[in-house]
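Chains as they are written, first to last, in this note's numbering: chain U, 1 to 116; chain L, 1 to 113.
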């Protein structure tokens, strides 16, 4: 089946540094990918929609300068958390759209970011 | 605004009890509907989905859900839960005029032996 590989699975970084999270579609081409953020024991909040070759579309309230999204190819989307702060600590999940003929969406295994 | 709500935030059941988790969405147009499960420490797993056709959808692990268009609902059911069903359950909706998937707030299910 369609698999999305997300790396790293966890990362610890110092305040002020930047962290890049990668999301790769392994056996299909992902024109559209999504980035979610999940706080402990809470739901997934959509941050942005990433389209290959164009600028990402951010949800209201998400700082696009802080959460840089790049979707340079049909198999790779990246999320860079710039100048990270402890409040950015969260679980980040990427997802790719598969279309109505399949399961609709597939999800990465997530990245646990801890900013110290 | 398009939104998804799950009214049961935390459900506690004994094994063999029946389960129904509510999911409502705020949109009158065409939607695609999903239920996902997230076991502790694991990533999301699709339980079932509805795109069109029979509004009663059967998924994995004995779960089913019924789409009632007039009520904007897609409730999840299981006739007899097991301890292994302890997890977080998320309803999600793809509103047809976008490609986004919007999640409900989630329901934490605890099943005791």
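Just so it is clear, CB atoms sit at the ideal spot from N, CA and C, and this is done for glycine as well. Keep in mind that this is a model prediction, so the values were computed, not measured.
Taking Cβ positions only, does residue i come closer than 8 Å to chain U?
i                     : result
residue 102 (chain L) : yes
residue 85 (chain L)  : no
residue 97 (chain L)  : no
residue 22 (chain L)  : no
Rounded to whole angstroms, what's the CA-CA distance from residue i to residue j? Just pull it up for me.
i                    : j                    : result
residue 21 (chain L) : residue 85 (chain L) : 13 Å
residue 17 (chain U) : residue 61 (chain U) : 22 Å
residue 56 (chain U) : residue 8 (chain L)  : 33 Å
Measure from the C-beta of residue i to each C-beta in chain L and report whether the shortest distance is under 8 Å.
i                     : result
residue 105 (chain U) : yes
residue 34 (chain U)  : yes
residue 46 (chain U)  : yes
residue 16 (chain U)  : no
Identify, in the order they occur along the chain, each residue of the same chain with its Cβ nearer than 6 Å to the Cβ of residue i, setting aside the five sequence neighbours on each side.
i                    : result
residue 77 (chain U) : 23, 33, 50, 71
residue 10 (chain L) : 108
residue 45 (chain L) : 37
In its own chain, which residues sit with a C-beta less than 7 Å from the C-beta of residue i, not counting the 5 before and 5 after it?
i                    : result
residue 59 (chain U) : 46, 47, 48
residue 17 (chain L) : 81
residue 27 (chain U) : 2, 3
For residue i, count neighbouring C-beta atoms within 10 Å of its own C-beta (all shown protein chains included) and say buried if the count is 16 or more, exposed if not.
i                     : result
residue 56 (chain L)  : exposed
residue 21 (chain U)  : buried
residue 110 (chain L) : exposed
Whose C-beta lies closer than 8 Å to the C-beta of residue i among residues of the same chain, with five residues either side of it excluded?
i                    : result
residue 44 (chain U) : 36, 37, 38, 93
residue 86 (chain U) : 15, 115, 116
- Task: Check distances from the C-beta atoms of the region 27-55 of chain L to those of chain U and list, in chain order, the residues that come in under 7 Å.
- Result: Taking 7 Å as the Cβ-Cβ cut-off against chain U, the residues of the region 27-55 of chain L that qualify are 32, 34, 43, 44, 46, 49, 51.
- Query: Of all the residues that make up the region 60-92 of chain L, which are near chain U by a beta-carbon distance shorter than 9 Å?
  - Reply: Along the region 60-92 of chain L, the positions whose C-beta sits under 9 Å from a C-beta of chain U are 88, 90, 92, read in chain order.
- Query: Which of the residues in the region 54-74 of chain U, read from start to end, lie with their CB under 8 Å from any CB of chain L?
  - Reply: Hits within the stretch: zero.
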